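Chemist:
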Amino acid sequence: MKIKNVCILGAGTLGTRVALQAALSQFNVRIYDINPKALDTSKKTMETIVHQLAKSSGFEADSGLNAIQGIFFTDNPQVAVQDADIINESVLENVKVKNEVWELFGQIAPEKTIFTTNTSFLLPSMFAEISGRPERFCALHFHDVFYAKGVDIMPHPGTDPKLIPVLEAFGRSLEQVPVVIQKENHGYLFNAMLGAILSTAGKLLANGVGSVEAIDKSYMVNFRVDMGPFAIMDSIGLDTVWHVTVNNNEEGSKAFAALLKGMLDQGKAGVKSGEGFYKYPNPAFRQPGFLS
Ligand SMILES: NC(=O)c1ccc[n+]([C@@H]2O[C@H](COP(=O)([O-])OP(=O)(O)OC[C@H]3O[C@@H](n4cnc5c(N)ncnc54)[C@H](O)[C@@H]3O)[C@@H](O)[C@H]2O)c1
491 MKIKNVCILG AGTLGTRVAL QAALSQFNVR IYDINPKALD TSKKTMETIV HQLAKSSGFE
551 ADSGLNAIQG IFFTDNPQVA VQDADIINES VLENVKVKNE VWELFGQIAP EKTIFTTNTS
611 FLLPSMFAEI SGRPERFCAL HFHDVFYAKG VDIMPHPGTD PKLIPVLEAF GRSLEQVPVV
671 IQKENHGYLF NAMLGAILST AGKLLANGVG SVEAIDKSYM VNFRVDMGPF AIMDSIGLDT
731 VWHVTVNNNE EGSKAFAALL KGMLDQGKAG VKSGEGFYKY PNPAFRQPGF LS
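Using our numbering, read the sequence shown as starting at 491 and increasing by one per residue.
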């Protein structure tokens, strides 16, 4: 199982990053989205990331921009999956949408194609059957790709175990650190831990216990990290955070889900929309003195 041709489904926050890293790692990349506007935005976001990488490391912007030129952006599913060795799906965190996408791609993908999903909190077994090839279906879940470099590999009970080393090698070739999860779990390992922190931060805010800034400061200064829970939520995307929160029946989560919904109705979806809990590109938590 040699992987050369990579097909990314969904050109949003995560699909864009995985596609860019795959192109930088010399794979042939096709990225598909149902929304042509998302494809335009994705290309622009890739260019921005390349310039950021060039600024923060010795990376050459021109080679990154060349890699973007080699990516094929399409809203045609047949063209997207043509000759794909692997699909990595990053469409909306919504069971119905993911089911529709996997049903479609199960029918049109070449026989050789490995199917992987990037779902954050759902399970691969929820889509494996509808894809028509449960034995070649596995979660391959990236985090931020450039900043947080873990990639979770989580099989469902019907996944062919031979797939795991193939996905580990693929993850490493994308400069990630593979982490194999032994049994299906909502949120893998890291997201399960992170989810508890983000949901507690959300409840503290919704209950008026602390402000966004105070909660983030408290976290940042004590863990000695450069982002707090609300900055992390902004980078994930508040729509994704809302999808997870609204399905959480714990007390306090509904109030936080309502707060998020209010922000989304005002177009505040986090980094990708320019505003969430903070305003971008120069959020307050990155300003000198935030932790003074
Ligand atoms: N944002 C993150 O940091 C992050 C990290 C790990 C995993 N994930 C997971 O990746 C997935 C995508 O998250 P995101 O934050 O990139 O979302 P996003 O909203 O930024 O992007 C989702 C994209 O899916 C597209 N889409 C919707 N319906 C589609 C369809 N039927 N066919 C093709 N494309 C369709 C949308 O047009 C959009 O461009 C989710 O499952 C999420 O849980 C996200």
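Glycine included, every Cβ here is placed at the ideal spot set by N, Cα and C. Every value quoted in this text rests on a predicted model; they were computed, and no experiment measured them.
Would you identify the three-state DSSP class for Ile-643, choosing helix, strand or coil?
Modeler: Strand.
Chemist: If you reduce the DSSP assignment to three classes, tell me which class Thr-609 lands in.
Modeler: Looking at Thr-609 - three-state DSSP - the assignment turns out to be coil, as it is neither helix nor strand.
Chemist: Quick one: using the 10 Å Cβ neighbour count with 16 as the cut-off for buried, is Ile-577 buried or exposed?
Modeler: Its Cβ being crowded by 16 or more others within 10 Å, Ile-577 is buried.
Chemist: Please list, in chain order, all residues of the same chain as Thr-503 whose beta carbon is under 6 Å from its beta carbon, the five residues on each side excluded.
Modeler: Counting only Cβ-Cβ distances below 6 Å, and skipping sequence neighbours, we find Gly-727 and Lys-762.
Chemist: In terms of DSSP beta bridges, what is Gly-718 paired with?
Modeler: Paired residues: none, contrary to the question.
Chemist: Rounded to whole angstroms, what is the Cα-Cα separation between His-646 and Ala-512?
Modeler: For His-646 and Ala-512, the distance between alpha carbons rounds to 25 Å.
Chemist: Is it true that the CB of Asp-573 sits closer than 8 Å to the CB of Asn-495?
Modeler: It is a contact, given that the beta carbons lie within the stated cut-off.
Chemist: Rounded to whole angstroms, how far is the Cβ of Leu-612 from the Cβ of Glu-593, which I believe are closer than 8 Å?
Modeler: With a Cβ gap of about 15 Å, Leu-612 and Glu-593 do not count as contacting.
Chemist: Cα separation between Ser-532 and Ala-659?
Modeler: Spanning the two alpha carbons is a distance of roughly 26 Å.
Chemist: Is Thr-503 near ligand 1, going by C-beta to nearest heavy atom under 7 Å?
Modeler: Yes - ligand 1 has a heavy atom lying nearer than 7 Å to the Cβ of Thr-503.
Chemist: If you drop the 5 nearest sequence neighbours on each side, which residues of the same chain put their C-beta closer than 8 Å to that of Leu-688?
Modeler: Taken in chain order, the residues that qualify are Pro-719, Ile-722, Met-723 and Val-731.
Chemist: So, do the region 692–699 and the region 744–751 have three or more beta carbon pairs nearer to each other than 8 Å?
Modeler: Short answer: they touch.
Chemist: Give a yes or no on whether the C-beta atoms belonging to Pro-655 and Arg-662 are separated by under 8 Å.
Modeler: Taking 8 Å as the Cβ cut-off, Pro-655 and Arg-662 do not qualify as a contacting pair.
Chemist: What is the C-beta distance between Glu-537 and Ile-561, in whole angstroms, given that I count them as a contact (C-beta under 8 Å)?
Modeler: Contact doesn't hold; Cβ gap of about 11 Å is too wide.
Chemist: Can you have a look at Gly-764 and say buried or exposed, based on whether 16 or more other CB atoms are within 10 angstroms of its CB?
Modeler: When all chains shown are included, Gly-764 counts as exposed.
Chemist: Could you pull out every residue in the same chain whose Cβ sits closer than 8 Å to the Cβ of Glu-550, ignoring the five residues on either side in sequence?
Modeler: Cβ within range, chain order: Ala-544.
Chemist: Would the C-beta of Asp-729 count as close to ligand 1, meaning under 7 Å from any of its heavy atoms?
Modeler: Because some heavy atom of ligand 1 lies under 7 Å away, the Cβ of Asp-729 counts as near it: yes.
Chemist: Pick from Pro-614, Ser-580 and Arg-623: whose alpha carbon is nearest that of Ala-599?
Modeler: Looking at the Cα atoms, Arg-623 is the closest of the given residues.
Chemist: For the alpha helix (DSSP H) containing Phe-746, list its first residue and its last residue.
Modeler: Per DSSP, Phe-746 belongs to the alpha helix (DSSP H) from 743–755.
Chemist: Would you mind giving the Cβ-Cβ distance between Leu-499 and Phe-632, rounded to the nearest angstrom? I have them listed as a contact below 8 Å.
Modeler: Leu-499 to Phe-632, Cβ: 13 Å. No contact.
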